[in-house]
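In the working numbering, the protein residues as written are 2 to 231. By construction, the Cβ of each residue, glycine as well, lies at the ideal position given by its N, Cα and C atoms. Remember, it's a predicted structure, so these values are computed and weren't measured experimentally.
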Ligand SMILES: *Cc1c(COP(=O)(O)O)cnc(C)c1O
């Protein structure tokens with residue numbers, strides 16, 4: 002029997018309600034159904050109890066960024082029926098096997114080598130391709146020019162099921178700055194007939210929903226500021 006902290010549950014509940022209201026308003030503006038948008042609760046740096054409290058409140062999708070951190074806390078989370086664990090951080094191909102074991106979805110596939118190694122791990126995985134739309138040199142992600150070729154590679158991987166595209170726009174105070182990136186990702190997904198779009202975080206998920214997001218990755222708005230990096 003898994004117990005969750007009542008205190009954590011009561012801290013997260015009003016935050017979740019606020020997130021839900023923001024989502025509802027964005028869906029209304031975009032004439033979309035609330036059911037078309039999945040909240041991915043980003044629990045990186047937070048302990049296992051936070052994952053359990055969020056699950057208790059009905060959240061089922063959890064995003065994590067750091068392999069080692071999640072590997073350490075995974076046993077403490079316990080078995081949560083229907084929970085979907087999604088890797089949303091940068092994945093080095095030498096961590097493919099462990100990532101494939103720990104996660105149900107990898108949202109950040111960005112090159113052929115990583116795709117092949119995830120495939121070789123032998124477990125069926127849902128994947129998203131992370132697209133690089135800004136021109137920051139350091140950002141990971143496949144460029145729009147290379148996207149077709151990566152889609153083809155993933156198509157040839159028997160264990161990978163391609164779900165859609167993911168983007169992390171350059172960080173900005175102004176939530177509207179992300180909108181053109183979201184619109185561009187929508188266009189690319191439509192062009193390649195991919196059904197899902199993972200885009201939008203705590204400060205800009207309304208714009209993402211208005212531009213077609215099916216998965217919004219929300220950390221701070223649900224759990225507060227992260228104080229440590231794993
Ligand atoms: C940390 C993180 C998030 C959550 O960001 P918040 O601003 O806390 O909502 C979403 N997506 C990715 C890829 C992240 O690394």
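{"Check": "Residue 197, enclosing beta strand (DSSP E) - first and last residue", "Outcome": "197-199"}
{"Check": "Unbroken alpha helix (DSSP H) run spanning residue 57, endpoints", "Outcome": "49-57"}
{"Check": "Segments assigned alpha helix (DSSP H), at least 4 residues, entirely inside the segment 48-110", "Outcome": "49-57, 68-78, 97-103"}
{"Check": "Boundaries (first-last residue) of the alpha helix (DSSP H) holding residue 12", "Outcome": "7-30"}
{"Check": "Cβ-heavy atom distance, residue 169 to ligand 1, below 7 Å", "Outcome": "yes"}
{"Check": "Residue 39 - containing alpha helix (DSSP H), residue span", "Outcome": "Residue 39 -> not in any alpha helix (DSSP H); beta strand (DSSP E) instead, spanning 39-43."}
{"Check": "Cα-Cα separation between residue 148 and residue 211, rounded to whole angstroms", "Outcome": "24 Å"}
{"Check": "Close Cβ partners of residue 216 (< 6 Å) along its chain, the five nearest in sequence each way excluded", "Outcome": "39, 41, 199"}
{"Check": "Reduced DSSP secondary structure (H/G/I, E/B, other) of residue 155", "Outcome": "helix"}
{"Check": "Closer than 7 Å: residue 45 CB and nearest ligand 1 heavy atom", "Outcome": "yes"}
{"Check": "Distance, residue 155 Cα to residue 121 Cα", "Outcome": "12 Å"}
{"Check": "Residue interval of the beta strand (DSSP E) (run including residue 232)", "Outcome": "Beyond the ends of the chain as shown, which are 2 and 231, falls residue 232; an answer cannot be given."}
{"Check": "Inter-residue CB distance, residue 91 and residue 141 (contact presumed, cutoff 8 Å)", "Outcome": "5 Å"}
{"Check": "Supposed close pair residue 110, residue 86 - CB separation, criterion 8 Å", "Outcome": "Between residue 86 and residue 110 the Cβ distance is about 16 Å, and since that is not below 8 Å, they are no contact."}
{"Check": "Same chain only: Cβ atoms within 7 Å of residue 60, ignoring 5 sequence neighbours per side", "Outcome": "40, 42"}
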